[in-house]
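Below you'll find the structure, written out as structure tokens, and then a few comments.
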Amino acid sequence: MSRTLSAPVTVAFDYTRSVGPVLGRFLTGLRDATFVGARTSDGRVVVPPPEFDPVSHRPTTDFVDLPDTGTVSSWTWVSEPVAGQPFDRPFAFALVTLDGADAPILHAVDVSAPDQITTGMRVRARWAAERTGLITDVVFEPADAAGTAAGTDAEPGAAAASSADPVSGIVTPVSLDYTYAASPEESAFFRGLAQGRIVGQRCPSCQKVYVPPRPACPTDGVPTVEEVELSDTGTVTTFCIVNVPFMGQKIKPPYVSAYILLDGADIALQHLILDIPVDEVRMGLRVKAAWKPREEWGTTIENISHFAPTGDPDADYDTYKHHL
Amino acid sequence: MRDVAVVGFAQRQLQDYDGSPQCAEMLVPLFADCYEQTGWTKKDIGFWCSGSSDYLAGRSFSFVSAIDAIGVLPPVNESHVEMDAAWALYEAWLKIQTGEVDTALVFGFGKASAGVLRRTLALQLDPYTMTPLWPDTVSIAALQARLGLDAGLWDEAAMAEVVNRSLTDAEKNEFAVRSGGSSVEELLKRPMFADPLRKHDAAPVTDGAAAIVLAAGDRAREVRDRPAWITGLSHFTDGLHLGTRDLTRSASAGRAGAAAGASAGGLTDVEVAELHAPFSHQELILRAELGLGTDARINPSGGALGGNPMFTGGGIRIGEAARRIWDGSADKTLGHATSGPALQQNLVCVMSSEGASN
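See the structure below:
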């Protein structure tokens, strides 16, 4: 058994961005199968155009349409592509200096082996059939492959899309995969739950019992080492009534999310309070864990479906006032 | 200016650390090590500053959880930068310069193995024209390496020499996750990974953490016989777009070195330089930009090629350079940190056995 529990986690979201007049012009160009660069105050033609001139710091206004042919200024072989890259098989990333430009653009070149690309090689754009105004609307291919490649070749500056509105925003999807590893202390907590136990740990300095246990006592900065088994009965110290629906919600609102101070613990645990009308939940309410059937248990807090009233008299305020 | 010195340093570098991304359990022993070196407790620390990134851990606000390792009763004066700990050190140095505090503990941590590091770092790029292509850090460094090779500024043998020297030196570093030199000839026989880079040209994916203690004037002298006085500290950045800067150079590193050296009497007499070069050719660029003397000892720790914990790899360079002052093996050293793609952002910290007002 490994020292800690781990599980895959994917963090995914879409960045939605407005692009402004300069990048908007560049991205509109991509949608129309044209590279739009800009002339900077030092006389260079740069693509993608910088929003502000690197020397004068003035907004960029002098745009230049560039051909979709160019020369490889530098390249590398991507032998093990990662998710999201333009190809899911080995390919080349390159700095491509478009004809008429003085600075290269970073992009992918569709070649099948490193011996098919060299510095100084001529390349041309291969435009996607469906273009939306993103840098991924295009890749490069060897110039001599034109007409023989399987991809769609659009005419640069194709008139079809030029009447559409300029590109004013983009969505950049981000999705990252992680292996999340719980700390040794968190792992002990989750392994306890798989056995129907709630395990906390005591700080050797202040003697407080933390549940879930943490790698260090936030008060004293020392590891919480002594394992303490806690009751699955406790007291509601504070709560809120959830009235707002949101994505991924498992229970229909209204319902109660509460802090529950388990008997023997010094830090409250957050969980649901069910089996009681929401307007009757109160500070001091005594509650007990409602466990799911044993065959459904895993290394998760979801083994406890919710907490429900015990029917006992409310706890005295003095018994939990130091734990709010 | 107040005289401020590096007086404490502790580190852990691991290849696959199995604890939590918040790293609190790794930081607790590092802080204990710093207290032992200084004879202080947390009450003696005037300011805390950390460097980390939630993208690395895949967990929001991981720097807040890491504060558990300090033990914050009573509450502490604390800050955080989404940068390498070397930039947290800059903030702490500035805080001490304000006169508000006399001491600071700087730390950085990162669990790079939680995700696919070379992919995660694509999020540092321009989100409009670069990130959607997910250009990985190794590919970007390889484009930079080839530009220098094609221009005749360096060759593959020079890159292999950097690797061989670094991995040989790393054998003496108990924290290195990769070590063991061989020969330039043998290294050049190994296969390409991201042509023209071989795997040994790139720093290994490393989990780890480090902590550095700063102190002003007499507070520094109470800890060390030879505090590593910071006589120059500066950082600069280049533009984000790879196409608009000369990738065979690092103008920002040059400017940071000139600025840090200007207040330290130049860099030609630096005896030991710890350069944060996650790729072998980047050490060659940095050596040229900083204008170090030919007899400067580069990366006796083995450098980033022996271990490069994200968000503290640069801070470790400063700590390693400071140790050379403490142990009397050098009178003037330099720690360098980089961040961003292809040496985009650079920080130089020059240290001396003599403070300005000594």
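Sequence order for the protein chains is Y and H.
Everything in the first sequence is counted per our numbering, starting at 941 for the first residue and increasing by one.
Everything in the second sequence is counted per our numbering, starting at 88 for the first residue and increasing by one.
All residues carry an ideal CB built from backbone N, CA and C; glycine is no exception.
This structure is a prediction, so every number in the text was calculated from the model and none was measured.
Between residue i and the rest of its own chain, which residues show a CB-CB distance below 6 angstroms, the 5 nearest in sequence each way excluded?
i       : result
Y/G1091 : Note that Y/G1091 scores 46 on pLDDT, short of 50, meaning its location in the model is unreliable and no value can be drawn from it.
H/A360  : L379, A383, I385, L421
H/T224  : R205, L208
H/R332  : D325, G326
Y/D1203 : S1171, T1173, G1174
H/E370  : V249, L362, A364
H/A229  : A281, L284
H/D120  : A97
Kindly list, in the order they appear in chain C, the residues whose Cβ is closer than 8 angstroms to that of residue i.
i      : result
H/D105 : Note that chain C does not occur in the displayed structure, where the protein chains are Y and H.
Using only CA atoms, which one of the options lies nearest to residue i?
i       : options                            : result
Y/V1036 : H/H363, H/L234, H/G326             : H/L234
Y/R1064 : Y/V962, Y/L1006, Y/D1215           : Y/L1006
Y/A1048 : H/D333, H/L181, H/V94, H/M217      : H/M217
H/E272  : H/A179, H/P291, H/V250             : H/V250
Y/T1239 : Y/V1139, Y/V1162, Y/V985           : Y/V1139
H/G427  : H/D103, H/W127, H/E169, H/K130     : H/E169
H/L236  : H/D141, H/P283, H/E187             : H/P283
Y/V1004 : Y/I1216, Y/R965, Y/T1250           : Y/R965
H/L176  : H/G202, H/G138, H/R146, H/V188     : H/G138
H/Q109  : Y/P1124, Y/P999, Y/F1033           : Y/P1124
Y/G1251 : Y/T1058, Y/E1235, Y/Y1260, Y/L1225 : Y/L1225
Y/P1152 : Y/F1129, Y/V1165, Y/P994, Y/L1201  : Y/F1129
H/Q102  : H/P278, H/P291, H/S149             : H/P291
H/A232  : H/E441, H/A429, H/C436, H/L192     : H/A429
H/K259  : H/M88, H/E407, H/W413              : H/E407
Y/Y1260 : Y/A1198, Y/T1177, Y/A1229, Y/Y1118 : Y/T1177
Y/G1132 : Y/R1142, Y/P1158, Y/E1169          : Y/E1169
H/E123  : H/R311, H/N433, H/F196             : H/R311
H/L320  : H/G402, H/L275, H/Q100, H/R99      : H/G402
H/L377  : H/P387, H/D414, H/A338             : H/A338
H/P314  : H/W174, H/M438, H/G126             : H/M438
Give me, in chain order, the residues of the same chain whose beta-carbon lies closer than 8 angstroms to that of residue i; leave out the 5 immediate sequence neighbours on both sides.
i       : result
Y/A1089 : Unreliable positioning characterises Y/A1089 in this predicted model, as indicated by a pLDDT of 45, which lies under 50. The coordinate reading is nonetheless provided below. Correct list, in chain order: D1050, R1066, E1081.
Y/T1011 : V1036, T1037, D1039, G1060, M1061, R1062, V1063
Y/A1098 : Because Y/A1098 carries a pLDDT of 49, less than 50, the predicted location of this residue cannot be relied on, and no value is offered for it.
H/G145  : P108, A201, G202
Y/R943  : P1124, S1127
Can you name, in chain order, every residue of its own chain whose Cβ lies under 7 angstroms from the Cβ of residue i, other than the five neighbours on each side?
i       : result
H/T255  : G268
H/A257  : A263, R265, S266, G389, G393
Y/T1072 : R971
H/A417  : E358, V359, R411
Y/D1002 : A978, R979
Y/A1100 : For Y/A1100, the predicted model reports a pLDDT of 49, less than 50, meaning its position is unreliable; a value from the coordinates is still stated below. Excluding sequence neighbours, Y/A1100 sits near nothing in its chain.
H/A391  : A290, H363, A364, P365, G400
Y/V1162 : C1143, P1144, S1145, A1156
Per DSSP, residue i is paired with what?
i       : result
H/M438  : H/I317, H/T420
H/I87   : What the structure shows of chain H is the stretch from 88 to 445, and residue 87 of chain H is not part of that stretch, so it cannot be assessed.
H/Q369  : In the DSSP output, where bridge partners are listed per residue, H/Q369 has none listed.
Y/L1111 : It should be pointed out that residue 1111 of chain Y corresponds to Val in this sequence rather than to Leu. Per DSSP, Y/T956.
H/N395  : H/V292
H/G197  : H/G295
Y/V1149 : Y/R1142
H/Q98   : H/A297
H/E165  : H/W135
Y/E1125 : According to DSSP, Y/E1125 bridges with nothing at all.
Y/G1010 : Y/L1038, Y/V1063
Y/A1248 : Y/K1228
H/Q432  : H/T324, H/S426
Y/Y1120 : Y/A947
H/L192  : H/W135, H/V300
Interface residues of the stretch 1003-1014 of chain Y facing chain H [CB-CB below 8 angstroms]: S1013, S1014
Segments of 4+ residues assigned as alpha helix (DSSP H) that fall wholly inside the stretch 962-991 of chain Y: none
Beta strand (DSSP E) segments (min. 3 residues) lying fully within the stretch 1165-1235 of chain Y: 1166-1170, 1173-1182, 1195-1202, 1209-1213, 1226-1231
Alpha helix (DSSP H) segments (min. 4 residues) lying fully within the stretch 270-326 of chain H: 271-276, 304-308
Segments assigned beta strand (DSSP E), at least 3 residues, entirely inside the stretch 1012-1065 of chain Y: 1031-1038, 1045-1049
Interfacial residues, the stretch 1024-1037 of chain Y to chain H, with Cβ spacing under 7 angstroms: G1024, Q1025, P1026, F1033, L1035
Cβ-based contacts, 8 angstroms cut-off: residues of the stretch 258-284 of chain H near chain Y: M279, F280, A281, D282, P283, L284
Where the stretch 116-130 of chain H meets chain Y: residues whose CB sits under 8 angstroms from a CB there: F118, K129
Residues within the stretch 220-233 of chain H neighbouring chain Y, beta-carbon criterion of under 9 angstroms: L220, W221, P222, D223, V225, S226, I227, A228, A229, L230, Q231, A232, R233
Near-chain H residues of the stretch 1138-1171 of chain Y - C-beta to any C-beta below 9 angstroms: S1145, C1146, R1154, P1155, A1156, C1157, P1158, T1159, D1160, G1161, V1162, P1163
Members of the stretch 189-209 of chain H that neighbour chain Y once the beta carbon cut-off is set at 9 angstroms: K198, S200, A201, G202, V203, R205, R206, T207, A209
Residues within the stretch 157-190 of chain H neighbouring chain Y, beta-carbon criterion of under 7 angstroms: I157, G158, V159, L160
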